[in-house]
Structure formats: structure tokens, C-alpha cells
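**Student:**
Protein chains: 2
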Amino acid sequence: MSKLDEIRTANQQYQQSFPWRHLDVPPSRNIAIVACMDARLNLYEAFGLKTGEAHLIRNAGGLATEDAIRSLIISYKLLGTREFFVVEHTGCGMLSFQNSDLQDKLTADTGTDASGFDFLPFSDLKASLRTQVDKIHSNPFIPKEIPVHGLIYHVESGNLEHVVSLGVKDQASELAGQIA
Amino acid sequence: MSKLDEIRTANQQYQQSFPWRHLDVPPSRNIAIVACMDARLNLYEAFGLKTGEAHLIRNAGGLATEDAIRSLIISYKLLGTREFFVVEHTGCGMLSFQNSDLQDKLTADTGTDASGFDFLPFSDLKASLRTQVDKIHSNPFIPKEIPVHGLIYHVESGNLEHVVSLGVKDQASELAGQIA
Chain C
1 MSKLDEIRTA NQQYQQSFPW RHLDVPPSRN IAIVACMDAR LNLYEAFGLK TGEAHLIRNA
61 GGLATEDAIR SLIISYKLLG TREFFVVEHT GCGMLSFQNS DLQDKLTADT GTDASGFDFL
121 PFSDLKASLR TQVDKIHSNP FIPKEIPVHG LIYHVESGNL EHVVSLGVKD QASELAGQIA
Chain V
1001 MSKLDEIRTA NQQYQQSFPW RHLDVPPSRN IAIVACMDAR LNLYEAFGLK TGEAHLIRNA
1061 GGLATEDAIR SLIISYKLLG TREFFVVEHT GCGMLSFQNS DLQDKLTADT GTDASGFDFL
1121 PFSDLKASLR TQVDKIHSNP FIPKEIPVHG LIYHVESGNL EHVVSLGVKD QASELAGQIA
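If you read the sequences in order, they're chains C and V.
All the letters of the first sequence, read from the start, carry residue numbers 1 to 180 under this note's numbering.
All the letters of the second sequence, read from the start, carry residue numbers 1001 to 1180 under this note's numbering.
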């Protein structure tokens, strides 16, 4: 059976007892999460989320790219989210290569020059996470009062470690950001 | 209790019986999915997926943006995925606004000129889906033999409708692509 057939079979079963007919369009918990695409990171499990509760934005690394920022603006402006989370994780593939390695490999394999392609690898997990949170919080189109939390997911334990929060008025949360 | 506290409480429970300690880095079903960030679309449920099986790439619309292509290249080249899926869905927010509406609103609310920001809305769901599948299949850095399937998720029923496949050698699947 092809992968497409496997998925269609599973989907037919899902439709038999489909419970989400009446969900509203805006996420019911008013949150949006930017996270790495990594297969080991299941945001429903790690965050205790149900279907319909959050916008999920994912890419290689869990980075605040222009595309992620575009998605966040649509999320808060048109669909009412009011709190953002960014999740990077231990053992991330983005920590394991250099741009030039992948560019050279792609150029050799495809015959098309890949030297201008920035794959956005990084070498320091916490520094990268802080950069993403800052990029979102400081974007001129994102309101300063939207809290942006940065978390590291530990693939060995399931732990979501709170590293930083920006845009948070509450004193305890600011402290958590400062001491992380 | 703040949203962050709620999530940390749920996450502590998750860690108690964390079952995924020994997952490999490459997705075990060797697939990557590009899908809309919509809260109603739960890819685990709709595809019959488990944690660890697939790379999940999500943005507003489920679009083959430069960032999604970056993620797909990393996915197949460094982490061994061999089949791609693109999922857009009925009732998508991207069908409900014009670029100029959102640009004007943002400019008025933030005082920063948003007239150059392309939020990538679209007006024809199937045409958009076909465009995304084609953009991925025709990208010079994506091998032509990787099948790319385009599916529409129906938020009212849970149905994943197969609309198009490119890069598929199997005759039946080509036919499904042609007649969809």
C-alpha cells in the first residue's frame, strides 16, 4: 500500500467518528505557537493542547522567519490570538550542519548553484531561541503587549523549559525571563 | 492561572509518563507535510500519524513559501524524507481578505507603513493547492522523483480530499491527479 493509500485509509476511519464539526475558526485558547518541524515534537502532547485551541506554525528550527511573522500577524490580527510561544529543542538538526556543507552538497547533486541559499542553521540553542523571541516582540507589526514566551523542548524527557518571556507585565514572569 | 502556567502544569504531567525517549531523529514514516496553521486541522488525527513519524511544516495557508521549501530541503536531504504532502482546507482565513485590507489596517494601527507586506491571501482553494504542489515539484533543489501530493482538508467532515499528485510514477495515482 502506498503512503497516500495508508493515509486515506486512516482518514476514512477518522471521518467515521469526526468530533470537530462545530469548531470556531479562531483558536479557542487564543494562542499561536512557532515551533520546529521535528517529528519528535508533538505540540498537542507537550502543551496539553486539543484540536481547535491554537495556531501551529512550524518550520526547520522553529525560527521567526518572515513567513512565520506573516503567519503570526494574520493570527492575531484576523483570528484573535493574544499570546505567542516559540519552541526550539535539544538535538535539533539545525545544530548539526553548516550552510556551506548543505549548499555544496545540493550544488553537486542537482547541478544548480545553491551557494546563495541560506538554510539558517545555528550553533547555540538558547541564543537562537532568544533571538527568535526578540525578533517577534520587536517586529513593528506585532503589538508590544502580546506576551512572547521562548521554550526549549527536551527530546529526552518531554520537558518544556521556560527560557525567556518578552511583553509580559506580570512580575513573576518577567523574573523568569531574567533568571533563565 | 496564566496560559504559560497552564501549559507548564500540563507539561509536568506529560513528563511523568513520557513515552518517546528513544525516537530516532529522522521521521519514521519518511514523510513531510506542509499544512495550514489552522487550529481545526490536527494532522495526527487527520493523517492517522503518531509522534515521530513525520516532519510538520505549517504556516498561514499551507503555502510553499521560501521558508517551507527551505524546510523541505533540510527534511529530505539531511533527514531522509521521501514523500511530501501539502494540505490546504475549506473555510481558510486566507480566502477571506485582500492584501490591501490588512495592509491598511496594520498601517493605521501601528503607524508603520505595511503597504509592502504580502500576506499571500488567495481566492481559489484548489488553484492555490495546485500552485503549491507545482512550486515544490518544480523547485530545482527538490528531486523530481519525490512524490508531492496535494490534499484539501474539509473542516466540516474531516475528509482529506486528494486533488493532485506530481512526481508519482504509479499510473493510478497519476490518473487521480488528472481527474481531480
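Just so it is clear, CB atoms sit at the ideal spot from N, CA and C, and this is done for glycine as well.
With C-beta atoms as the reference, is L63(C) less than 8 Å away from I33(C)?
**Tutor:** Not a contact, by the Cβ cut-off of 8 Å.
**Student:** Distance check for Q132(C) and V164(C), CA to CA, integer angstroms please.
**Tutor:** For V164(C) and Q132(C), the distance between alpha carbons rounds to 11 Å.
**Student:** Pair every Cβ in the stretch 1089 to 1097 of chain V with every Cβ in the stretch 81 to 96 of chain C, then say whether three or more of these pairs are closer than 8 Å.
**Tutor:** Output reads no: the stretch 81 to 96 of chain C does not touch the stretch 1089 to 1097 of chain V.
**Student:** Could one say the Cβ of Y1076(V) lies closer than 8 Å to chain C's Cβ atoms, at least one of them?
**Tutor:** It does not: the Cβ of Y1076(V) has no partner Cβ on chain C nearer than 8 Å.
**Student:** Considering only the beta carbon of each residue, do E83(C) and I7(C) sit closer than 8 Å?
**Tutor:** No; because the gap between Cβ atoms is not below 8 Å, this pair is not in contact.
**Student:** Between the beta-carbon of L1106(V) and the beta-carbon of K77(C), is there less than 8 Å?
**Tutor:** Yes; because the gap between Cβ atoms is below 8 Å, this pair is in contact.
**Student:** Below 7 Å, is the gap between the Cβ of H55(C) and the nearest heavy atom of the ligand GTP?
**Tutor:** For the ligand GTP, the structure offers nothing, since it holds no ligand at all.
**Student:** Check each candidate in D24(C), E66(C), V155(C) and H149(C) and name the one with the smallest Cα separation from F1117(V).
**Tutor:** For the residues D24(C), E66(C), V155(C) and H149(C), the minimum Cα distance to F1117(V) belongs to E66(C).
**Student:** Determine the DSSP secondary structure at H137(C), reduced to helix, strand or coil.
**Tutor:** Three-state result, H137(C): helix.
**Student:** Can you give me the C-alpha to C-alpha distance between I142(C) and A1039(V), rounded to a whole angstrom?
**Tutor:** Approximately 20 Å, taken between the alpha carbons.
**Student:** Thinking C-beta only, is G1052(V) closer than 8 Å to L1023(V)?
**Tutor:** Yes; because the gap between Cβ atoms is below 8 Å, this pair is in contact.
**Student:** Determine the DSSP secondary structure at F84(C), reduced to helix, strand or coil.
**Tutor:** The answer is strand: DSSP assigns F84(C) an E or B state.
**Student:** Quick check on the DSSP output: the alpha helix (DSSP H) that includes R1070(V) runs from which residue to which?
**Tutor:** Run containing R1070(V): E1066 to L1079, per the alpha helix (DSSP H) assignment.
**Student:** Keeping to the same chain, check which residues put their C-beta closer than 6 Å to that of Q1171(V); ignore five residues upstream and five downstream.
**Tutor:** Its pLDDT being 46, under 50, Q1171(V) is placed unreliably in this model, and the coordinates cannot settle the point.
**Student:** Pick out whichever of Q1013(V), V1025(V) and C1036(V) has its Cα sitting closest to the Cα of S75(C).
**Tutor:** Minimum Cα distance to S75(C) is reached at C1036(V).
**Student:** Look up N11(C) in the DSSP assignment and say whether it is helix, strand or coil.
**Tutor:** Looking at N11(C) - three-state DSSP - the assignment turns out to be helix.
**Student:** Under a three-way DSSP split, which group does A1032(V) fall into?
**Tutor:** Three-state result, A1032(V): strand.
**Student:** Going by the beta-carbon positions, is the gap between L41(C) and Y153(C) smaller than 8 Å?
**Tutor:** Yes, these two residues count as a Cβ contact at 8 Å.
**Student:** What does a CB cutoff of less than 6 Å around G150(C) pick up in its chain, not counting 5 residues either side in sequence?
**Tutor:** Cβ within range, chain order: V86, L129, V133, V163 and V164.
**Student:** Per DSSP, E1161(V) forms a beta bridge with which residues?
**Tutor:** According to DSSP, E1161(V) bridges with I1152(V).
**Student:** Determine, using beta carbons only, whether G158(C) and F1018(V) come nearer to each other than 8 Å.
**Tutor:** Their beta carbons are under 8 Å apart, which means G158(C) touches F1018(V) by this criterion.
**Student:** Got a sec: which bits of the stretch 1124 to 1138 of chain V sit with their beta carbon under 9 Å from any beta carbon on chain C, in order along the chain?
**Tutor:** Listed in sequence order: no entries.
**Student:** Any C-beta of chain V sitting closer than 8 Å to the C-beta of G167(C)?
**Tutor:** It does not; no Cβ of chain V falls within 8 Å.
**Student:** Starting from T1112(V), find everything on chain C with Cβ-Cβ shorter than 8 Å and list it in chain order.
**Tutor:** Near T1112(V) (Cβ distances below 8 Å), the residues of chain C are P140 and F141.
**Student:** Identify whether D5(C) lies in helix, strand or coil by the three-state DSSP scheme.
**Tutor:** Of the three classes helix, strand and coil, the one that applies to D5(C) here is helix, per DSSP.
**Student:** Which whole-angstrom value describes the C-beta separation of N59(C) and F1047(V), a residue pair presumed to lie in contact below a C-beta threshold of 8 Å?
**Tutor:** Not quite, the Cβ-Cβ distance comes to about 19 Å (not below 8 Å), so this is no contact.
**Student:** Going along chain C in order, which residues have a C-beta closer than 7 Å to the C-beta of S1071(V)?
**Tutor:** Those within 7 Å of S1071(V) in chain C are M37, N59 and A60.
**Student:** The alpha helix (DSSP H) that contains A1046(V), what's its start and end?
**Tutor:** L1043 to F1047 is the extent of the alpha helix (DSSP H) around A1046(V).
**Student:** What does the alpha-carbon distance come out to for the pair F1097(V) and S28(C)?
**Tutor:** Using only the alpha carbons, I get a separation of about 21 Å.
**Student:** What in chain C is Cβ-close to Q1010(V), meaning under 7 Å?
**Tutor:** This sequence places Ala at residue 1010(V); Gln is not what is there. F47 and G48, listed in chain order.
**Student:** In its own chain, which residues sit with a C-beta less than 7 Å from the C-beta of A54(C), not counting the 5 before and 5 after it?
**Tutor:** Contacts found: P27, R29, I31, A32 and I33.
**Student:** Kindly give me the distance between the Cβ atoms of I136(C) and V155(C), rounded to whole angstroms, as I take these residues to be in contact under 8 Å.
**Tutor:** No, I136(C) and V155(C) are not in contact; Cβ-Cβ is about 23 Å, not under 8 Å.
**Student:** Pick helix, strand or coil for L1023(V), following the three-state DSSP scheme.
**Tutor:** In the structure shown, L1023(V) sits in coil (DSSP, three-state: anything other than H, G, I, E or B).
**Student:** Taking the alpha-carbon positions, what's the I1179(V) to L1166(V) distance?
**Tutor:** Since pLDDT at I1179(V) reaches only 44, below the 50 mark, its modelled position is unreliable, and no value is offered.
**Student:** Using a Cβ-Cβ cut-off of 8 Å, state whether I1007(V) counts as contacting chain C.
**Tutor:** So yes, I1007(V) belongs to the interface.
**Student:** Strictly under 8 Å for the Cβ-Cβ distance: is K105(C) near chain V by that measure?
**Tutor:** It does: the Cβ of K105(C) has a partner Cβ on chain V nearer than 8 Å.
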